[in-house]
Ligand SMILES: C[S@@+](CC[C@H](N)C(=O)[O-])C[C@H]1O[C@@H](n2cnc3c(N)ncnc32)[C@H](O)[C@@H]1O
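In the working numbering, the protein residues as written are 54 to 278.
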């Protein structure tokens, strides 16, 4: 056995259980929110708790104040991210489904970060153009995958220099390497991964948490990776 290798250790289910066991526990409010969402027949497709914790730490380290999310679902990730922004922080979260948006608004209202979050109901493609150039510190994409290419263009425009682009589902729901899978979301995610990796305006890295999370910094001018 060599212990001096420089390549990554292959991560298994056991490692993820190990990580989960060493991640600050989910608080009772978030557990209750997930149970209520299930009872309301909202799909349980929120981000993993470990991924939420990782993004909270990132946003805190970056000193983020103004954050945008596309894809609210029940409000789980919005509440987690808003907790990282401090008293003056603000998170705008966009959701196309009226049912999901109403559920999320209700639970956000009862949360400890109600004052920091605004739910905007509508399509990300219609709402993002309403945001000013270079006005936000971070954006989290977690909605319709075929639109990720156009969301990337909006992110390029609205992120301030050094701002963070966070994108979920880079592992395409487990179908990344399934050559037989031609599902439009999977094809869109493969294409998105390749274009973000080659994009000179972003310095990004794919993190194997949840279903694969892109973390990328918006580069401007002579800022280099
Ligand atoms: C994976 S879920 C989001 C999970 C959420 N970020 C969390 O972790 O708690 C995706 C959500 O995006 C919404 N969505 C789908 N297409 C959208 C669009 N074009 N614009 C905004 N939201 C959209 C879906 O209705 C769904 O609620």
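Ideal Cβ positions, reconstructed from N, Cα and C, are used throughout, including at glycine.
Straight-line gap, residue i to residue j (C-alpha atoms, nearest Å)
i: residue 73; j: residue 103; result: 6 Å
i: residue 96; j: residue 116; result: 32 Å
i: residue 108; j: residue 233; result: 32 Å
i: residue 167; j: residue 82; result: 13 Å
i: residue 154; j: residue 161; result: 10 Å
i: residue 173; j: residue 139; result: 21 Å
i: residue 278; j: residue 120; result: 22 Å
i: residue 184; j: residue 211; result: 7 Å
i: residue 275; j: residue 219; result: 22 Å
i: residue 65; j: residue 248; result: 27 Å
i: residue 124; j: residue 147; result: 6 Å
Residue i, DSSP secondary structure in three states
i: residue 199; result: helix
i: residue 174; result: strand
i: residue 233; result: coil
i: residue 214; result: strand
i: residue 144; result: strand
i: residue 260; result: strand
i: residue 183; result: helix
i: residue 66; result: helix
i: residue 277; result: coil
i: residue 238; result: helix
DSSP beta-bridge partners of residue i
i: residue 221; result: 266
i: residue 108; result: Its beta-bridge partners do not exist; DSSP assigns none.
i: residue 271; result: 255
i: residue 97; result: Answer is none; residue 97 lacks a bridge partner.
i: residue 120; result: 144, 191
Ligand 1 heavy atom lying under 8 Å from the CB of residue i
i: residue 252; result: no
i: residue 201; result: no
i: residue 238; result: no
i: residue 120; result: no
i: residue 79; result: no
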